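If you want our numbering, it's the position in the sequence shown, counting the first as 1, plus 442. Cβ atoms here follow ideal geometry from the backbone N, Cα and C, with glycine treated the same way. Note that the coordinates shown come from a computational prediction; the quantities given were computed from them, not determined experimentally.
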Amino acid sequence: MGDVLAGIHATWEFEPDAVLIRFERGIRAPKLYQALRERRIPHEALASVTLSPGRRGTVVLHAVPREGADPLMEAAAGQLKDACDPYRLVLPAERETLAEYYADELRARLGPGAAEPSDRFLVAAPEGPLHFKAYDGKASFDGGRVAFRWFWTGASSAKWKAGDQSFAVRELSGIEWRSPDVFDGYLRLRRRGGADDGRPAQADQDPAAVVFGLGYGPVHESLPFAAAVLAAVRNAGAAQPVPVPAAVAAGRDPAVIAERIRHLGELYQAGLVTDEEFAAKKAQLLAEL
């Protein structure tokens, strides 16, 4: 096709084998759109295309992805609001005829397996490194490992006792993302080989999870993070192990260790950890220097 259809907050460029979506970065555009910037959606990743009336004199062109084709939508698991759905293009109603033309063109390019789930991701995941601040810690992902560093102001005593966490993607089987738009949102890692047996039911007690809160872990930061981790986990079987940088393997920044020991002392003074737990954790931190 090679044509461009400009809508509200996004522009779709129709390539021979894909739709290139470029998202607006203006102040009124959804923050998720601004974070994604652009996405290339192969025709084989689409299940259907619809055109329906929108609000306030608009029409909505909606390209529905196949189940399992897009790591972003898999991580979202149906929790995205319509206004943040990257597969929706909102257009003025007077452009309905043009939109219908492109909808028909896309429908003609859907593959024979459009109605079937995809056995692999067909849409590229957001690129790393990625990080965001949750309520109880900072989550970071470098492409090979997911790390959680706890905040003493938000993390539970269970997480402080467990210490900062680091997980290689090859140790993980998936992720669970519950939108920060709800009261008890969180991002939880699922581990392989029965490692999750006996894990706490509540995410705020689970060292393999970070919890969201008002203003923490917003959708536009935590969802691309979850999608990137999910894609890396799915690819881990075929990918080579990602080497750990020498600086990380050798130990952590002494300033970070000193700060952690200070926070541990505050917990001890507050009576949140016992003498034995304080001594053991302090020795563990000192050993990392």
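Query                                                                                                         : Result
Reduced DSSP category for Leu656 - H, G, I as helix; E, B as strand; rest coil                                : coil
Residue(s) in a DSSP beta bridge with Gln607                                                                  : Phe590
Beta-carbon spacing of Leu564, Ala669 below 8 Å                                                               : no
Pairwise C-alpha distance: Ala471 and Arg612                                                                  : 36 Å
The alpha helix (DSSP H) enclosing Glu542, as first and last residue numbers                                  : 538–550
Outcome for Arg467 when other beta-carbon atoms lying within 10 angstroms are tallied against a minimum of 16 : exposed
Among Gly586, Thr539, Phe593, the one whose alpha carbon lies nearest that of Asp646                          : Phe593
Asp459 to Val652 span [Cα, whole Å]                                                                           : 39 Å
Three-way DSSP call (helix, strand, coil) for Gly554 in this model                                            : The residue you asked about is not Gly; residue 554 is Pro in the sequence shown. Looking at Pro554 - three-state DSSP - the assignment turns out to be coil, as it is neither helix nor strand.
Contiguous beta strand (DSSP E) assignments of at least 3 residues, all confined to the region 499–523        : 500–507
For Phe667, three-class secondary structure by DSSP                                                           : helix
Rounded C-alpha distance that separates Pro507 from Phe667                                                    : 20 Å
8 Å contact criterion, which Gly627 and Phe590 should meet: CB distance rounded                               : So it is not a contact: roughly 15 Å between Cβ atoms.
Sequence-distant residues of its chain with Cβ nearer than 8 Å to Pro571 (five each side left out)            : Ser582, Phe583, Asp584, Gly585
Minimum Cβ-Cβ distance from Gly640 to chain D less than 8 Å                                                   : Checking the listed chains, one finds no chain D in this structure; it contains a single protein chain.
Reduced DSSP secondary structure (H/G/I, E/B, other) of His451                                                : coil
CA-to-CA distance, Arg549 to Val624, given in whole angstroms                                                 : 35 Å
Local conformation of Phe625 per DSSP, three classes                                                          : coil
DSSP beta-bridge partners of Tyr464                                                                           : Note on residue identity: the sequence assigns Arg, not Tyr, to residue 464. Thr453, Glu480, per the DSSP bridge assignment.
Expected contact under 8 Å - CB spacing of Pro649 and Pro622 to nearest Å                                     : That pair is no contact at about 20 Å.
For Arg620, the nearest candidate out of Lys601, Lys603, Gly520 (CA to CA)                                    : Gly520
CB contact flag (Val532, Val502, <8 Å)                                                                        : yes
Short Cβ contact (8 Å threshold) for Glu618 with Arg632                                                       : yes
Closest by C-alpha distance to His573, when choosing among Ser599, Leu706, Cys526, Val671                     : Val671
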